[in-house]
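Trainee: Taking my numbering, I'd label the letters of the sequence shown as residues 77 to 165. C-beta: ideal position from N, C-alpha, C; glycine also. Computed from a predicted structure; not experimentally measured.
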Amino acid sequence: MPVTGRAGIRSGLALDLDRVSQREVGRVLPSDRPVVVGDYDIGMVVTFRDEASMKAYLVDPRHLQLVKDVLEPLADMSKTKVYDFVNHE
């Protein structure tokens, strides 16, 4: 039986720990601050070892299956937001 929900996301991200250096999955934290965005159900931050690792992960068949089996049933993908950025420390 496939794992679904946040557990499915966590297990899917754990498939490729050599590329993923850190992952966090959680739900919205209610806030009264006007700058806080709270119109989502699940938040996810995935930190990759480098840009090449991210690009390889995005086309990995296991990632594509995770999107199809776990993320798409959970989310309206047309409203999904993805922010790719590089840490320039």
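Let me know the secondary structure DSSP gives Val135 once reduced to three states.
Mentor: Helix.
Trainee: Count the other CB atoms, across all protein chains shown, that sit within 10 Å of the CB of Phe124; report buried if there are 16 or more and exposed otherwise.
Mentor: The residue is buried, with at least 16 neighbouring Cβ atoms inside 10 Å.
Trainee: Run the CB neighbour count on Val104, radius 10 Å, all protein chains shown included, and call it buried at 16 or more, exposed below.
Mentor: Burial call: exposed.
Trainee: Spatial neighbours of Gly114 within its chain, please: CB distance less than 7 Å, with the 5 preceding and 5 following residues excluded, ordered by chain position.
Mentor: Around Gly114: Val104, Pro106 and Ser107.
Trainee: Rounding to the nearest angstrom, what Cα-Cα distance links Glu148 and Lys155 in this structure?
Mentor: Going from the Cα of Glu148 to the Cα of Lys155 covers about 11 Å.
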